[in-house]
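> Sequence positions in the sequence shown follow UniProt numbering and run 1 to 764. A virtual CB, placed ideally from N, CA and C, is assigned to each residue, including glycine. Note that the structure is a prediction, hence the values are computed from the model and not measured.
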Amino acid sequence: FVFSNDDSRFMVQTDGMLTVSTFNVNDPQVPVLYFPKSGEGQRRRKREWVIPDINVPENNRGPFPLKISQIRSSEDKIKKIYYSITGPGADQPPAGLFTMDRLTGVLYVTQPLDREKQAKYMFQAHAVAESSGNAEEPMEIIVNVIDQNDNKPVFSQDTYLGDVPESSLAGFEVITVTATDADEPNTDNSDIRYRIISQHPQLPSDFLFVINPVTGVIRVNTPGLDREKYPQYTLVVHAVDGMGEGSHGEAKVILTVTDSNDNAPLYNQPTYEADVEENQVGVVVTTMSVTDGDEPHTPAWNAKFKIVSGDPGGLFNVTTGSNKQEGIITTAKGLDFEKNSKHTLLVAVENEVPFAVPLPTSTATVVVIVKDVNEPPVFDPVTKVVSKPENIPVNSEVTTYTATDPDTARKQTVTYKIISDPAGWLNVSKDKGVIRVKSLMDRESDFVRDSKYTALIGASATGTGTLVIQLEDFNDNAPVIEDRSIKICNKDPAETLLTVTDKDGPGNAAPYAVSLQGTSKTNWTARMNGTGIILNLATELPSGEYLVVLRVADNQGLEQDSTVQATVCDCRGADAICQDRIVTVGGLPMILGILGGILLLLMLLLLLLLFARRRKGEKREPLLQDDDIRDNIYKYDEEGGGEDDQDYDLSVLHRGLDNRPEVFRNDVVPNFMPAPQYRPRPANPEEIGNFIDDNLKAADNDPTAPPYDSLLVFDYEGGGSDAGSLSSLNSSSSGDQDYNCLSEWGPRFKKLADMYGGGEDDMM
Numbered sequence: 001f002v003f004s005n006d007d008s009r010f011m012v013q014t015d016g017m018l019t020v021s022t023f024n025v026n027d028p029q030v031p032v033l034y035f036p037k038s039g040e041g042q043r044r045r046k047r048e049w050v051i052p053d054i055n056v057p058e059n060n061r062g063p064f065p066l067k068i069s070q071i072r073s074s075e076d077k078i079k080k081i082y083y084s085i086t087g088p089g090a091d092q093p094p095a096g097l098f099t100m101d102r103l104t105g106v107l108y109v110t111q112p113l114d115r116e117k118q119a120k121y122m123f124q125a126h127a128v129a130e131s132s133g134n135a136e137e138p139m140e141i142i143v144n145v146i147d148q149n150d151n152k153p154v155f156s157q158d159t160y161l162g163d164v165p166e167s168s169l170a171g172f173e174v175i176t177v178t179a180t181d182a183d184e185p186n187t188d189n190s191d192i193r194y195r196i197i198s199q200h201p202q203l204p205s206d207f208l209f210v211i212n213p214v215t216g217v218i219r220v221n222t223p224g225l226d227r228e229k230y231p232q233y234t235l236v237v238h239a240v241d242g243m244g245e246g247s248h249g250e251a252k253v254i255l256t257v258t259d260s261n262d263n264a265p266l267y268n269q270p271t272y273e274a275d276v277e278e279n280q281v282g283v284v285v286t287t288m289s290v291t292d293g294d295e296p297h298t299p300a301w302n303a304k305f306k307i308v309s310g311d312p313g314g315l316f317n318v319t320t321g322s323n324k325q326e327g328i329i330t331t332a333k334g335l336d337f338e339k340n341s342k343h344t345l346l347v348a349v350e351n352e353v354p355f356a357v358p359l360p361t362s363t364a365t366v367v368v369i370v371k372d373v374n375e376p377p378v379f380d381p382v383t384k385v386v387s388k389p390e391n392i393p394v395n396s397e398v399t400t401y402t403a404t405d406p407d408t409a410r411k412q413t414v415t416y417k418i419i420s421d422p423a424g425w426l427n428v429s430k431d432k433g434v435i436r437v438k439s440l441m442d443r444e445s446d447f448v449r450d451s452k453y454t455a456l457i458g459a460s461a462t463g464t465g466t467l468v469i470q471l472e473d474f475n476d477n478a479p480v481i482e483d484r485s486i487k488i489c490n491k492d493p494a495e496t497l498l499t500v501t502d503k504d505g506p507g508n509a510a511p512y513a514v515s516l517q518g519t520s521k522t523n524w525t526a527r528m529n530g531t532g533i534i535l536n537l538a539t540e541l542p543s544g545e546y547l548v549v550l551r552v553a554d555n556q557g558l559e560q561d562s563t564v565q566a567t568v569c570d571c572r573g574a575d576a577i578c579q580d581r582i583v584t585v586g587g588l589p590m591i592l593g594i595l596g597g598i599l600l601l602l603m604l605l606l607l608l609l610l611f612a613r614r615r616k617g618e619k620r621e622p623l624l625q626d627d628d629i630r631d632n633i634y635k636y637d638e639e640g641g642g643e644d645d646q647d648y649d650l651s652v653l654h655r656g657l658d659n660r661p662e663v664f665r666n667d668v669v670p671n672f673m674p675a676p677q678y679r680p681r682p683a684n685p686e687e688i689g690n691f692i693d694d695n696l697k698a699a700d701n702d703p704t705a706p707p708y709d710s711l712l713v714f715d716y717e718g719g720g721s722d723a724g725s726l727s728s729l730n731s732s733s734s735g736d737q738d739y740n741c742l743s744e745w746g747p748r749f750k751k752l753a754d755m756y757g758g759g760e761d762d763m764m
């Protein structure tokens, strides 16, 4: 201990730490800090001065400025010392928070401090001697703001929202609330404890929930939550500092009781019945409805169906409807009445999530009655393949292709027919399904693909089967030369390659053999080169056209002569270009023969023309009668109508014949030539003559109009009419007709007016 009597100060040094406490006699509560010294003496070197911090509590109520400490220099007894402070809180922001008396070195705080804003201030204290500069080295002053419990805990949320399943057991963790305190950490002022103040509703019992006082975790205290009765709870929670003895903050916790699958779905009826036609796939059998007491449109409410028995063959399928409360049963495969006419299914229903508590599973029975339909016969196999030689004789049996009727109870007879036979080679017996050859088959036909001919066979009304005939090749096609004309030079000619093809298959085609025929042997050479023929000149020939006859045989000896027209050009080498006049092989005799044939044809044509003209020029003798006033009747030495009567549409003769079954009908092909246009009757009587002439010409050229000697049948209204004849042959003797109007129709009707419209003198 070091004590100074003159200034009433004492110093305590422990392990190198120097604590200076100075009490002014007038103000013993304020500590006095002296500037440290480092002298040269041994005693000073052993000591190290440490300036203690100044602790000031926050929220001090004053009065201000409040004296918190005093700074002294050991030189103040011999010198005039002036004191000051610099740094944050003094002359730097927050400036003016701390001040110092210039003469006494008293340190003041000018306003209450707030630890939550700034917990420590550090600035420099200076001692300056009058007219001598610095009396002391600057001393660092640290002011610590002492925390007070002036902040209550604050929750991270004013209201917490959480969910708790209704089937939760005790200890189930629901939600965690969190609060913080702005006071100094790790002190009682910031030590928080949580507690539940209230629960609403307090049903079915109070204290359904409990909170951990340290962590803030809220858990289920006792089971018994029931969403259907109490869907929501509101808790008021406090967070208290001072280890639960200080100030508190408040928050609300709203817990929604979520649905748990504690209600099993139940069928509306225990049994369902439905009728389904056999062979139908994907048709709806029946729809089953269920109800569920859980919250709608949740996994605990949505239904899920399953067929648990009665469908070992997987014939049915069950799905959930769009409203999640219906089970729809459909056919996954076609049902067979003949195998099983009744199916009994057991269908269970569950939810999308497991039951929260043990519950029984609801089931329903579905009885499906299969309705019989008339099914088509079924061929076995559906596609039958047989192998036959292509030259199988007509009426030979190809195969027997039969079908069976699945409707065994109906005892129907199966009949057969050809549905598709593109080449028309087959026929089938109606009763037994025996397929025979109707006409010779040809493997090389366009109707055959890859040596296979396909026909479609029908059984009864709608049954079908496919017959594939694998045609075995027969050597019925001789090799053919594809190149039928060539050009070649007569000097140093190049070899010409001719392509040979054979429609027959392997074994009846290549390798080929070739030989020249006739005069071609002298002038030409031919040899095989694989599947081609190398043709060349043996001797130099004059330019012209030559016929080269080649006989080509396949490996079975089937041969055929092919003619190649060779044009020999007066040139050399491979490029055969004919520039000179080509002399036809055979010369003048061939030309004379062609001309003679043409002259013979012309003579025959001339004789035919003369004969036809002679027949038409024969004189026709008129047939005259004394009482016939017409002068245009001729007798022809022929029976039937003339040539003009042959080209007309006989279909018009059929009009009205439907009511005359005794009249003979001779159907003919109608003439589809366009009919001429007839003029309508004019309003002006003077145009009647032109009207008749124009329509007469139109009728003469009308292919649809009947000829003059055609049989006209009018509308038949039955026989035995009492009316007189309307024939125009008797009109001249009728005395009650007035023909005077004919004289008003113009000059074209003058003759008729003279004949019918005049008096007896005119008639004479």
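Can we say the stretch 431-447 touches the stretch 350-369, given the rule of at least three CB pairs closer than 8 angstroms?
With a cut-off of 8 angstroms, the stretch 350-369 and the stretch 431-447 do not count as touching, because too few Cβ pairs lie within range.
> Would you check if the distance between the CB atom of K252 and the CB atom of T344 is smaller than 8 angstroms?
For K252 and T344, no; Cβs fall outside 8 angstroms.
> Enumerate, from N- to C-terminal direction, the unbroken alpha helix (DSSP H) stretches of 4 or more residues contained entirely within the UniProt domain "Cadherin" (156-267).
The qualifying runs are 241-244.
> Between the stretch 347-363 and the stretch 402-412, do three or more beta carbon pairs fall short of 8 angstroms?
With the cut-off at 8 angstroms, the stretch 347-363 and the stretch 402-412 do not touch.
> Checking 8 angstroms against the spacing of the C-beta atoms, do S396 and V437 come in under that value?
Yes, the Cβ-Cβ distance between S396 and V437 is below 8 angstroms.
> How about E184 and D147: are their beta carbons less than 8 angstroms apart?
Result yes, Cβ atoms of E184 and D147 sit closer than 8 angstroms.
> Using only alpha-carbon positions, find the residue among L255, D292, V308, G557 that is nearest to N317.
Here the closest residue by C-alpha is V308.
> State yes or no: is the C-beta of D693 nearer than 7 angstroms to some heavy atom of the ligand SAM?
The ligand content of the structure shown is nil, which means the ligand SAM is not present either.
> If you draw a straight line from the alpha carbon of G216 to that of R195, how long is it in whole angstroms?
Using only the alpha carbons, I get a separation of about 8 angstroms.
> Quick check: L426 and I418, are their CB atoms within less than 8 angstroms of each other?
Going by C-beta atoms, L426 is nearer than 8 angstroms to I418.
> Once DSSP output is grouped into helix, strand and coil, what is the label at P153?
Residue state, collapsed to three classes: coil.
> In whole angstroms, what is the alpha-carbon distance linking R748 and I692?
Using only the alpha carbons, I get a separation of about 10 angstroms.
> So K342 and V378 are in contact, right, with Cβ under 8 angstroms, and what is the actual spacing, rounded?
Between V378 and K342 the Cβ distance is about 23 angstroms, and since that is not below 8 angstroms, they are no contact.
> Can you tell me whether K37 is buried or exposed, with buried defined as 16 or more other CB within 10 angstroms of its CB?
Under this definition K37 is an exposed residue.
> Candidates L607, R572, M528: which alpha carbon is nearest P542's?
The option with the nearest alpha carbon to P542 is R572.
> In the DSSP output, which residue or residues are listed as bridge partners for V128?
Answer is Y82, N134.
> DSSP beta-bridge partners for F98?
F98 is bridged to V109.
> Indicate whether E166 and R219 have their beta-carbon atoms separated by less than 8 angstroms.
For E166 and R219, no; Cβs fall outside 8 angstroms.
> Let me confirm a value: F155 is counted as buried when at least 16 other C-beta atoms fall within 10 Å, else exposed. Which label applies?
Result: buried.
> Using a Cβ-Cβ cut-off of 6 angstroms (strictly less than) and excluding sequence neighbours within five positions of G271, which residues of its own chain qualify?
Before going further, note that residue 271 is Thr rather than Gly in the sequence given. Counting only Cβ-Cβ distances below 6 angstroms, and skipping sequence neighbours, we find T365.
> Within 10 Å of its beta-carbon, does residue 785 have 16 or more other beta-carbons around it, so buried, or fewer, so exposed?
Residue 785 lies beyond the stretch modelled for the chain, which goes from 1 to 764, so this question has no answer here.
> DSSP on K339, reduced to helix/strand/coil?
Coil.
> Between which two residues does the alpha helix (DSSP H) holding I692 run?
Where I692 is concerned, the enclosing alpha helix (DSSP H) stretches over 688-700.
> Which of the three DSSP states is assigned to T291 in this structure?
Three-state DSSP puts T291 in a strand.
> Could you please give the first and the last residue of the uninterrupted beta strand (DSSP E) stretch that includes T522?
Per DSSP, T522 belongs to no beta strand (DSSP E); it is in the alpha helix (DSSP H), 520-523.
> Kindly confirm or deny that the stretch 76-84 and the stretch 127-145 touch, where touching means at least three C-beta pairs closer than 8 angstroms.
Touching, per the Cβ criterion.
> Can you tell me which of L516, G327, F337 puts its alpha carbon nearest to the alpha carbon of L348?
One detail in the question is off: residue 348 reads as Ala in this sequence, not Leu. Cα-wise, what sits closest to A348 is G327.
> Below 8 angstroms, can you find three or more Cβ-Cβ pairs linking the stretch 452-462 to the stretch 504-511?
As far as the Cβ criterion goes, the stretch 452-462 does not touch the stretch 504-511, which means the pair count is below three.
> What separation, rounded to the nearest whole angstrom, lies between the Cα atoms of M100 and S247?
Computed Cα separation, rounded: 37 angstroms.
> Between the C-alpha atoms of T86 and M139, what's the straight-line distance to the nearest angstrom?
Taking the straight line from one Cα to the other gives about 10 angstroms.
> Taking 8 angstroms as the limit between beta carbons, can you name the residues of its chain near K384, skipping five residues before and five after?
Taken in chain order, the residues that qualify are T399, Y401, G465, T466, L467, V468.
> For the beta strand (DSSP E) that contains A553, what are its first and last residues?
First-last of the beta strand (DSSP E) with A553: 544-553.
> Identify, in the order they occur along the chain, each residue of the same chain with its Cβ nearer than 8 angstroms to the Cβ of G224, setting aside the five sequence neighbours on each side.
If we look at G224 and ignore the five residues flanking it on each side, its Cβ neighbours are P204, S205, L208.
> To the nearest angstrom, how far is it from the Cα of N149 to the Cα of P358?
Distance between the alpha carbons of N149 and P358 is about 54 angstroms.
> Do you know how far the Cα of N695 is from the Cα of M755?
Approximately 24 angstroms, taken between the alpha carbons.
> May I ask you to list the residues that DSSP assigns as paired with C569?
According to DSSP, C569 bridges with C489.
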